[in-house]
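Read through the structure below, which is laid out as structure tokens, and then see the notes.
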Amino acid sequence: MTLNIVSDSSINLFSLKEEKNDISFSTVPFVISVGKTDYIDDENIDCGVLMDDMVSNKEASRTGCPSTQSWYDEFKKEGDVIAITISSNLSGSINSALAAKQLVLAEEPDKKIGIIDSRSTGPAMELIIDNICELKEKGLDALEIADEINANILSIKTIFTLCSFDNLVKNGRMNKIAGFVAGKLHLWGVGIASDEGTIKIKGLAFGTKGVLKAIVEDMSTRLDKVSKVVIHHAKNIITATKVKDKILEAFPSITVLLNECRGLCSFYAEKNGLIVSYM
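Numbered per my numbering, the sequence shown spans residues 1 to 279.
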């Protein structure tokens with residue numbers, strides 16, 4: 001039976017890295033509202049335009065989670081389902097997915113629908129996809145896979161770095177003067193996804209060298225052994241590649257993958273920001 005993996009658009013993927021005959025993949029979009037313009041986070045979104053619009057607009061931008069109907073439409077497709085959402089402590093996306101699950105099960109009580117709370121975003125969700133594929137190959141069904149991943153979700157760690165504080169200032173999460181000074185001094189904000197799935201600020205790093213050091217130090221302290229890393233960037237392939245090279249220098253035998261942010265992660269990371277997940 002086909003397994004349908006459905007994720008909200010914070011995953012930053014549009015397709016699986018490798019096509020599989022018995023696994024399908026689709027996403028349901030967030031909506032990012034900047035001024036009077038709504039950006040649908042699907043394959044047509046231009047994240048460069050989105051981020052430029054965010055900077056030029058004086059008002060705070062906002063996001064809307066995928067609708068229950070969008071999850072329902074994907075869950076109704078033939079086959080069992082595993083849904084992956086951005087951290088439930090960052091968005092109501094999982095609530096829409098759970099509501100859709102109940103609607104579908106009322107119509108198809110034998111259908112298996114597993115829900116995974118990533119407790120993170122973007123690259124962590126890409127690592128979860130890899131775990132799903134591995135567990136399916138071992139013969140686990142959708143519910144067993146979701147239970148296994150939810151039970152071991154803390155084995156995936158996430159660190160993010162921001163070089164723009166414009167969105168934080170506009171949303172009242174950072175003092176305007178502090179944001180201006182940090183930008184002028186080329187300081188990067190450094191934070192992590194906590195075990196509860198919240199954003200926890202660790203501090204500031206000076207320039208690219210400081211970012212590289214902060215990321216490698218985080219990886220060296222939060223896990224005893226690192227095997228795989230995924231780096232997502234908001235229009236910043238140059239720094240992302242430098243991070244990849246620095247990680248491989250510190251951990252030469254691991255796999256490091258790069259990908260570009262879609263709309264929602266571009267909204268949070270802002271231009272040039274990085275999100276790094278590892279396990």
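We treat Cβ as the ideally placed atom computed from N, Cα and C, and that holds for glycine. Note that the structure is predicted; figures quoted are calculated from it, not measured.
Which of helix, strand or coil DSSP assigns to residue i
i: S96; result: helix
i: G35; result: coil
i: A60; result: coil
i: L187; result: strand
i: N4; result: strand
i: T198; result: coil
i: I149; result: helix
i: V49; result: helix
i: K228; result: strand
Through-space distance from residue j to residue i, alpha-carbon basis
i: K202; j: K225; result: 22 Å
i: A182; j: L204; result: In this prediction, A182 has a pLDDT of 42, which is less than 50 and means its spatial position is unreliable; what the coordinates show is noted afterwards. Between A182 and L204, the C-alpha separation is close to 9 Å.
i: L98; j: N150; result: 15 Å
i: I86; j: S96; result: 12 Å
i: G139; j: T2; result: 13 Å
i: L13; j: S24; result: 13 Å
i: A83; j: D110; result: 17 Å
i: L212; j: K242; result: 8 Å
i: M279; j: I156; result: 5 Å
i: T255; j: E19; result: 19 Å
i: F206; j: T239; result: 14 Å
i: E134; j: M51; result: 36 Å
i: E260; j: G64; result: 21 Å
i: A124; j: S56; result: 30 Å
i: A269; j: S7; result: 19 Å
i: P29; j: E144; result: 26 Å
i: S164; j: M54; result: 11 Å
Residues bridged to residue i (per DSSP)
i: E260; result: H233
i: G203; result: V190
i: I23; result: L3 and K20
i: I40; result: V31
i: T241; result: T241 pairs with nothing; no bridge assigned.
i: D80; result: L3
Best match in the options for proximity to residue i [C-alpha to C-alpha]
i: G197; options: S91, E59, M219 and K136; result: S91
i: V230; options: S93, F267 and I159; result: I159
i: S120; options: D52, K213, L105 and S88; result: S88
i: K228; options: M219, A234 and E78; result: M219
i: K58; options: G64, G35, K235 and A100; result: G35
i: S266; options: K17, S33 and G48; result: G48
i: P66; options: A234, F206, E148 and L264; result: L264
i: L16; options: E134, E126 and F206; result: E126
i: D41; options: V104, I132, V55 and R62; result: R62
i: S9; options: I115, K246, V276 and G122; result: G122
i: N272; options: P252, I192, L187 and T37; result: L187
i: L105; options: K77, N131, I132 and S118; result: K77
i: G114; options: E249, L162, V81 and V31; result: V81
i: I5; options: V31, Y39 and N131; result: N131
N-terminal and C-terminal residue of the alpha helix (DSSP H) that residue i is part of
i: K136; result: G122 to E137
i: G210; result: G207 to R222
i: I86; result: That residue, I86, is in no alpha helix (DSSP H); it is neither H nor E in DSSP.
i: F75; result: T68 to F75
Residue range of the beta strand (DSSP E) that includes residue i
i: G114; result: I113 to D117
i: V294; result: A query on residue 294 cannot be resolved here, the shown segment of the chain reaching from 1 to 279 and no further.
i: K157; result: K157 to L162
Any non-hydrogen atom of the ligand ADP closer than 7 Å to residue i Cβ
i: I159; result: This structure simply doesn't include the ligand ADP, nor any ligand for that matter.
Beta carbon proximity, residue i to chain D, threshold 8 Å
i: S91; result: Of the chains in the structure shown, none is chain D; there is only one protein chain.
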